[in-house]
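Participant: Questions regarding the structure given below will be posed in turn.
2 protein chains.
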Amino acid sequence: MKKENITLKDIAKVAGVSTATASLALAGDPRVNFKTKKLVEEVAQRLQYVPNEIGRSLRAKKAETVALIFPNTPHNAFTHPYFVQLLEGISEVLVQNSFQLLLSTTPSEADEAAAYDKILRNRRADGIILWPASIKDSNIPKIIESGFPVVYLGKWHHDDIVTIQRDDFGGAYEATEQLIRNGRTRIVHLTGPLDYQVSIDRVEGYKQALQDNKILFDPALLVEADFSREMADAAVQKLHEESVRYDAIFAANDRMAIGAMRGLRALGLSVPQDVAVIGCDNIETGELIEPALTSIHQPMREIGRLAAERIVAMLTGQDITDKQTMVSSSLVVRESCGTLKN
Amino acid sequence: MKKENITLKDIAKVAGVSTATASLALAGDPRVNFKTKKLVEEVAQRLQYVPNEIGRSLRAKKAETVALIFPNTPHNAFTHPYFVQLLEGISEVLVQNSFQLLLSTTPSEADEAAAYDKILRNRRADGIILWPASIKDSNIPKIIESGFPVVYLGKWHHDDIVTIQRDDFGGAYEATEQLIRNGRTRIVHLTGPLDYQVSIDRVEGYKQALQDNKILFDPALLVEADFSREMADAAVQKLHEESVRYDAIFAANDRMAIGAMRGLRALGLSVPQDVAVIGCDNIETGELIEPALTSIHQPMREIGRLAAERIVAMLTGQDITDKQTMVSSSLVVRESCGTLKN
DNA sequence: CTGCGTTTTTAAATCGATTTAATTCATAAT
DNA sequence: ATTATGAATTAAATCGATTTAAAAACGCAG
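Right, here's the structure in full:
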């Protein structure tokens, strides 16, 4: 039932020319006679010829494919609320440029290194879009510094690496300041794991905002969690048991913000009256819960688009003038942060 | 900076054998002498040889790759809440079996046909996992009946096609019956676009449940929407303007259920007292809103896993005994449907 | 030392396209 | 009629691996 595929050879034979001519004709090379070109095109059309990309790739030494590497760690899964948006942005641009998208994860942390190495060398992809993992993960620097075309979606310490970064520092600063502006002074920062750059940057932004507003940083208010709702809930419980006093929470993602809000409710505290809350990511759920969650919006789709544009540019030999791109986030103010409506 | 890749030729030269021997040695062919084998392996190890998959694919006529085709229609985007879970299930199994995952979307509806055709013929993927689109979409039957290895994630009318299906009929039946059991008799079914099989099946399930409970089907209670929150909200508004009386809503997805709940609230109606609501998909948000949403849980991760297992089996020449697989959904009862706590 | 059967090794073909360098062909100039 | 010139075509190499069929090397008996 499965019909054999039509190859260039078939086209050449039917058109009565050599494969060389057929190839050149289809490529629109000016050397081939107009009539011959038309003939070959007609035959190709009629036989529904589709070039075998594998053959083409082998010869051209490129696969017209970009791999999205998303390190598979407990904190970094596809379930990340905005992973899908990133994917959409990337996909959109790649499709426009006739690149394919290979999705790469690793079976387990153990063979992570080998798996990445393979991607880099087996030539299935010409370039890589790389999502950050823990700063302790030694595979990340290995990939970035391999010389393979990479767009890194985070901060990197060499400015010859092409990166797309969010302004995590600025976002955290803005969120913290918003809480301060609303009269809060004892602001808990519920951070993600501190071996993630994003967490570190947000802590910095938080601290800077405190300092600029002459509020002393209290280490008791810096609580490390794991991005999960459950742990945020538990953290609020723990703060209560330790009788820590606070009037606001800035959580490093919306899941934790939501978890914290549930914890607060369980303690009989109301949001935003007793405790104001701000999250990060601006996931859809935040808009639908009560009170609606104030959050830092991350333009993930835009980041995906930019990353794809950059890698395509690199692979098509264009010059990248500004290798580092910073996209700014914005605060979406809703009820949970206690801002008065004007 | 970018070092040239090590090829089999390099290994052969360093080991002082022919490429044939090198290849055979690495493949563990018993014809090659044990000492030679060890030598070649040592050299490959030392030079960090990784076979070029493109070359291998060309010769083997297979790419060790599966494409996930997700038709890009307004109702069918990556943003589909459980797309990510599907992806996780697929990815997990493919990685285990050393298959790569190619993500395919189409630039626009216009060149959809050409794009699919290309995937089928350019040999970048050996098999396809296909997500349903509108029943009017002529590309779907084209792909399914091409003879190319396909696992279709829906119902198909020939039983020689490998499918993984959800029990949409059963799910709708169960949801409707739950509402009836809770004393509701005028149940609105907020359906998705009726050119989708899933919508048709759910309408059937809904009708059957009504009939089995001796409730007459009222066409005025069947409202077609587009899966969006906004349109569900508007639909509730419209029902009100038309003075349609009802005491329950069964929505074809959670987004619409949530939109409907917002619409009801705007009209001053309370859920579940005035109107009981059940959705489909069991998205995370449903658990977090108030009242918490009763919903039909879809085991998307499981579906992804099964689909990947099937396609891998097909591509590795295994026999598929049961070509059609039905996974059952389950009702997750929360507050919105008005079930009394026991 | 020859001949025969085994083990090992390797030359060469293959997969499907692209591209270079060489060749053929037609036309115009001498 | 011959040659130079340019246009059009094609043979052959190439990309990197696998695999078949043939050759080489080896061991051992006669």
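From first to last, the protein sequence lines are chains A and B. Per this note's numbering: the first sequence = residues 11 to 352. Per this note's numbering: the second sequence = residues 11 to 352. Glycine included, C-beta positions come from ideal geometry on N, C-alpha and C.
1) Does any C-beta atom of chain A lie closer than 7 Å to the C-beta of Met11 (chain B)?
2) Measure how close the beta-carbons of Ile79 (chain B) and Val50 (chain B) come, nearest whole angstrom, since I'm counting them as under 8 Å.
3) Is there at least one Cβ from chain B nearer than 7 Å to Ile299 (chain A)'s Cβ?
4) Beta-carbon of Thr17 (chain B) versus every beta-carbon of chain A: anything under 7 Å?
5) So within the segment 125-150 of chain A, which uninterrupted beta strand (DSSP E) runs reach at least 3 residues, ignoring any that extend past its ends?
6) Hey, out of B:Leu163, B:Lys217, B:Glu155, B:Ser108, whose CA is closest to Ile139 (chain B)'s CA?
7) Residues in its own chain within less than 6 Å of Thr349 (chain B) by CB, not counting five upstream and five downstream?
8) How long is the line joining the alpha carbons of Ile64 (chain B) and Asn132 (chain A), rounded to whole angstroms?
9) Looking at chain A, which residues of the segment 254-279 of chain B have a Cβ within less than 7 Å of any of its Cβ atoms?
10) So what does DSSP say about Phe260 (chain B), is it helix, strand or coil?
11) Is Val342 (chain B) helix, strand or coil by DSSP?
12) Got a sec? Which residues, its chain only, sit under 6 Å from Asp243 (chain A) by beta carbon, not counting five neighbours each side?
13) Considering Cα atoms alone, identify which of B:Ser144, B:Ala267, B:Ala262, B:Val60 is closest to Ile16 (chain B).
14) Could you give the C-beta distance for Leu231 (chain A) and Val281 (chain A), rounded to a whole number, given that I count them as a contact under 8 Å?
15) So, at 7 Å on beta carbons, what are the nonlocal neighbours of Ala323 (chain B) in its own chain, with the 5 sequence-adjacent residues on each side left out?
16) Quick one, which of A:Lys71, A:Ala135, A:Lys165, A:Gln334 has its alpha-carbon nearest Ile145 (chain A)'s?
17) Please classify Asn43 (chain A): is it buried, with 16 or more other beta-carbons within 10 angstroms of its beta-carbon, or exposed?
18) Tell me which residues share the same chain as Val337 (chain B) and place their Cβ nearer than 8 Å to its Cβ, disregarding the 5 neighbours each side in the sequence.
19) With a 10 Å radius around its C-beta and 16 neighbouring C-beta atoms as the bar for buried, classify Arg265 (chain A) as buried or exposed.
20) Identify the contact partners of Ala73 (chain A) in chain B, using a Cβ-Cβ distance below 8 Å as the criterion.
21) With DSSP run on the structure shown, which of helix, strand or coil describes Gly65 (chain A)?
22) Nearest CA to the CA of Lys48 (chain B): which residue from B:Asn62, B:Arg66, B:Leu68, B:Val27?
23) Looking at the C-beta of Thr46 (chain B), does it have a partner C-beta in chain A at a distance below 7 Å?
24) Between the Cα of Asp407 (chain A) and those of A:Leu113, A:Asp205, A:Gly137, A:Arg196, spot the shortest distance and give me the residue it belongs to.
25) For a quick check, are the C-beta atoms of Leu303 (chain A) and Ala267 (chain A) less than 7 Å apart?
26) How is the alpha helix (DSSP H) around Gln218 (chain B) delimited, first residue to last?
27) Just to confirm before moving on: does the CB-CB distance between Gly289 (chain B) and Ala261 (chain B) stay below 7 Å?
28) How would you list, in chain order, the residues of chain B whose beta-carbon sits under 7 Å from the beta-carbon of Leu113 (chain A)?
29) Note the first and the last residue of the continuous alpha helix (DSSP H) segment covering His250 (chain B).
30) Could you check if Ser253 (chain A) is buried or exposed, using at least 16 other CB atoms within 10 Å of its CB as the buried criterion?
31) Inspect the beta-carbon positions of Ala143 (chain B) and Pro81 (chain B) and report whether they are closer than 7 Å.
32) Touch check for the segment 214-225 of chain B and the segment 233-252 of chain B: three-plus C-beta pairs under 8 Å?
33) Would you mind telling me which residues of chain A sit closer than 7 Å to Glu294 (chain B), beta carbon to beta carbon, in chain order?
34) Secondary structure at Gln7 (chain B), three-state DSSP: helix, strand or coil?
35) For the alpha helix (DSSP H) that Lys33 (chain A) lies in, which residues bound it at each end?
36) Just to confirm, is the Cβ distance from Ala135 (chain B) to Leu111 (chain B) under 7 Å?
Facilitator: With the structure as the only source:
1) Its pLDDT being 38, under 50, Met11 (chain B) is placed unreliably by the model, and the measurement read from it follows with that caveat. Output row for Met11 (chain B): interface = yes.
2) Contact doesn't hold; Cβ gap of about 40 Å is too wide.
3) yes
4) Not a single CB atom of chain A sits nearer than 7 Å to the CB of Thr17 (chain B).
5) 137-140
6) B:Leu163
7) Result list for Thr349 (chain B): Asn192, Val343, in chain order.
8) 8 Å
9) Cβ contacts with chain A come from Ile268.
10) strand
11) strand
12) Gly269, Arg272, Gly273
13) Selected option, being the one with the closest Cα: B:Val60.
14) Not really, about 17 Å apart at Cβ, beyond 8 Å.
15) Contacts found: Ile330.
16) A:Lys165
17) So Asn43 (chain A) ends up on the exposed side.
18) Ile174, Gln175, Arg176, Asp177, Pro309, Glu312, Ile313, Leu316
19) Buried, by the Cβ-count rule.
20) Ile64
21) helix
22) B:Val27
23) no
24) A question about residue 407 (chain A) goes unanswered here, because the residues of chain A that appear run from 11 up to 352.
25) yes
26) 207-222
27) The Cβ atoms of Gly289 (chain B) and Ala261 (chain B) sit closer than 7 Å to each other.
28) Ser101, Leu111, Leu113
29) 239-251
30) exposed
31) Yes, the Cβ-Cβ distance between Ala143 (chain B) and Pro81 (chain B) is below 7 Å.
32) Not touching, per the Cβ criterion.
33) The answer, in chain order, is Thr295.
34) Residue 7 (chain B) lies beyond the range of chain B shown here (11 to 352); nothing can be said about it.
35) For the sequence presented, residue 33 (chain A) should be read as Ser rather than Lys. Run containing Ser33 (chain A): 29-37, per the alpha helix (DSSP H) assignment.
36) In this structure, the beta-carbon distance from Ala135 (chain B) to Leu111 (chain B) does not fall below 7 Å.
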